[in-house]
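Counting with the working numbering, you get residues 2 to 368 for the letters of the sequence shown.
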Amino acid sequence: MKIKKYKAPSMPEVMKQVRKDFGTDAVILQSRQTKSGGILGLFKKNYIEVVAGYDPEPVKPAKKAPIPKEAPARKEAVIQQADAPVSKEMEQIYKLLEAQSRQMQLQLTPNEQLMYDRLIRQEVLPDIALTIVQEANKQASGEADKIDALKQAVYKNIEQRLEGLRLDFTYYHKIIQFVGPTGVGKTTTIAKIAARMQLTENKRIAFITLDTYRIAAVEQLKTYAKILHIPVKVAYNKREYHQYMEQLQDYDVILVDTAGRNYRDEAYLKDLADWINPNDVTNYLVLSMTAKPKDFLDIYGKFDAIGIHGLILTKLDETEQYGNILNAVFHYPDIRIGYMTNGQGVPEDMLNPTVKQLMHCITGDGQ
Ligand SMILES: Nc1nc2c(ncn2[C@@H]2O[C@H](COP(=O)(O)OP(=O)(O)OP(=O)(O)O)[C@@H](O)[C@H]2O)c(=O)[nH]1
Ligand SMILES: [Mg+2]
2 MKIKKYKAPS MPEVMKQVRK DFGTDAVILQ SRQTKSGGIL GLFKKNYIEV VAGYDPEPVK
62 PAKKAPIPKE APARKEAVIQ QADAPVSKEM EQIYKLLEAQ SRQMQLQLTP NEQLMYDRLI
122 RQEVLPDIAL TIVQEANKQA SGEADKIDAL KQAVYKNIEQ RLEGLRLDFT YYHKIIQFVG
182 PTGVGKTTTI AKIAARMQLT ENKRIAFITL DTYRIAAVEQ LKTYAKILHI PVKVAYNKRE
242 YHQYMEQLQD YDVILVDTAG RNYRDEAYLK DLADWINPND VTNYLVLSMT AKPKDFLDIY
302 GKFDAIGIHG LILTKLDETE QYGNILNAVF HYPDIRIGYM TNGQGVPEDM LNPTVKQLMH
362 CITGDGQ
């Protein structure tokens, strides 16, 4: 790659010089504002300094390149905007140069790059976005140069992955425990599920709470229990928990609220596992869609150790990025999603997800 430094009073003037030397294939590697000239440090003038590069042998198209297992870290050209007003034409040049620079890093065609960027904006993890786009490129069989064909292939690829999911609130035991990090909506979701089971399935429900960590937590569940006419027991230790399980055997379903704790607290997870036999209870992990992508997977991984039968995804209404769903499906292809919740209203803000809804969430496109 040829690299050259340019300096001029404004960005358009610098770019004129860059284009004169390298044409439109140049990549801006760095730009900054400097001062120079003047007398005794006074009357210095502002200049824009740009380092531009040009590769006379650009990277070959993606089709011939081997598919990397992991996406390389995305390095973007450092472009510090100058104070000088930037014309529309210049903005377009910046965008083109940025896209070219990223393409060179990932070895993607412009259409692949567009679809990749779109998935990244939805917070799909980079290695997953890259795999999907490259697989879709192959599936689009020769049509991938048309953006619509590639888009449809990407959607199809995602849909095929979603079809492996189990989308229902199934439980294998009378006792269903709701576990998860702090404040994700465990208690609220328990109330929603209880109300729904009473209304639509005519089930006899009882509550047990293991959340004696905060006084308000017990009161919160008791309030819902009162409204729904459901008995509630508060277990302060493992012995009491087992005792209440026995006492409540006549009920159809026992919904168990647990304390939200820091999932990085190994002792908490060990306690949770020690209190129950995974063969006796169904565990639903409650996760908020607002969690950061890496944390979301990390939390799942940590709780998986105690035996997770399904997921409840909460707070859909608090975000517009749903890449977490795709990231989870990628790592755990046969997980179950029991319910998704989209608001604080009990019991109405809860839905049974369908593949179509999940697609809509992930792509933001309703397809
Ligand atoms: N926007 C929105 N808020 C929700 C949703 N579900 C629950 N919440 C709110 O999230 C907050 C925490 O809900 P809780 O049910 O107390 O959460 P928790 O997981 O039991 O919390 P801890 O017991 O403290 O760990 C409350 O203000 C709920 O109303 C949802 O789907 N959307
Ligand atoms: Mg709670």
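Here a beta-carbon is modelled for each residue, glycine too, at the ideal position from N, C-alpha and C.
Using the DSSP secondary-structure output, state which residues sit across from residue i in a beta bridge.
{"i": "Thr342", "result": "Met351"}
{"i": "Lys8", "result": "Glu50"}
{"i": "Ile177", "result": "Leu256 and Thr283"}
{"i": "Tyr323", "result": "The partner list for Tyr323 (beta bridge, DSSP) is empty, contrary to what the question assumes."}
{"i": "Thr315", "result": "Ser289"}
{"i": "Val28", "result": "Gly54"}
{"i": "Lys3", "result": "Tyr55"}
{"i": "Arg337", "result": "Arg167"}
Helix or strand or just coil, what does DSSP make of residue i?
{"i": "Leu211", "result": "coil"}
{"i": "Thr233", "result": "First, the residue type needs correcting, since residue 233 is Val and not Thr in the sequence shown. Of the three classes helix, strand and coil, the one that applies to Val233 here is strand, per DSSP."}
{"i": "Asp258", "result": "strand"}
{"i": "Thr201", "result": "helix"}
{"i": "Thr188", "result": "helix"}
{"i": "Thr171", "result": "coil"}
{"i": "Lys36", "result": "strand"}
{"i": "Arg265", "result": "coil"}
{"i": "Ile300", "result": "helix"}
{"i": "Ile206", "result": "strand"}
{"i": "Ile363", "result": "helix"}
{"i": "His243", "result": "helix"}
{"i": "Glu124", "result": "coil"}
{"i": "Lys193", "result": "helix"}
{"i": "Pro182", "result": "coil"}
{"i": "Lys70", "result": "Note that Lys70 scores a pLDDT of 44, beneath 50, so its modelled location is shaky and nothing firm can be said."}
{"i": "Thr132", "result": "helix"}
{"i": "Glu220", "result": "helix"}
{"i": "Lys1", "result": "Shown here, the chain extends from 2 to 368; a query on residue 1 therefore has no answer."}
{"i": "Glu14", "result": "helix"}
{"i": "Gln250", "result": "coil"}
{"i": "His310", "result": "coil"}
{"i": "Ile159", "result": "helix"}
{"i": "Ala141", "result": "coil"}
How about residue i and residue j: are their beta carbons less than 7 Å apart?
{"i": "Ala196", "j": "Pro232", "result": "no"}
{"i": "Ile255", "j": "Lys175", "result": "yes"}
{"i": "Leu312", "j": "Ile338", "result": "yes"}
{"i": "Pro348", "j": "Leu168", "result": "no"}
{"i": "Thr342", "j": "Glu319", "result": "no"}
{"i": "Ala150", "j": "Gln140", "result": "no"}
{"i": "Tyr252", "j": "Lys234", "result": "no"}
{"i": "Pro10", "j": "Leu126", "result": "no"}
{"i": "Asp335", "j": "Gly344", "result": "no"}
{"i": "Val180", "j": "Asn284", "result": "yes"}
{"i": "Arg162", "j": "Val52", "result": "no"}
{"i": "Lys8", "j": "Glu50", "result": "yes"}
{"i": "Tyr333", "j": "Phe170", "result": "no"}
{"i": "Tyr55", "j": "Lys3", "result": "yes"}
{"i": "Val15", "j": "Ala27", "result": "no"}
{"i": "Thr315", "j": "Val185", "result": "yes"}
Using 8 Å for Cβ pairs, my map puts residue i next to residue j. What's the rounded Cβ distance?
{"i": "Glu113", "j": "Gln322", "result": "Not quite, the Cβ-Cβ distance comes to about 21 Å (not below 8 Å), so this is no contact."}
{"i": "Ile177", "j": "Val282", "result": "7 Å"}
{"i": "Ile129", "j": "Asn328", "result": "6 Å"}
{"i": "Ile300", "j": "Ile326", "result": "Not a contact, Cβ separation roughly 14 Å."}
{"i": "Ile307", "j": "Leu273", "result": "6 Å"}
{"i": "Leu270", "j": "Tyr242", "result": "No, Leu270 and Tyr242 are not in contact; Cβ-Cβ is about 17 Å, not under 8 Å."}
{"i": "Met360", "j": "Ile133", "result": "Actually they are not in contact, since the Cβ atoms of Met360 and Ile133 sit about 13 Å apart, beyond 8 Å."}
{"i": "Lys152", "j": "Met116", "result": "6 Å"}
Closer than 6 Å to a non-hydrogen atom of ligand 3 - does that hold for the CB of residue i?
{"i": "Ala154", "result": "In the structure on display, ligand 3 does not appear, and the ligands it does have are ligand 1 and ligand 2."}
Q: Assess, as a yes-or-no matter, whether the region 185 to 193 is touched by the region 214 to 230 under the definition of 3 or more beta carbon pairs within less than 8 Å.
A: yes
Q: Flag this pair as touching only if the region 232 to 245 and the region 261 to 271 have three or more C-beta atom pairs under 8 Å; answer yes or no.
A: no
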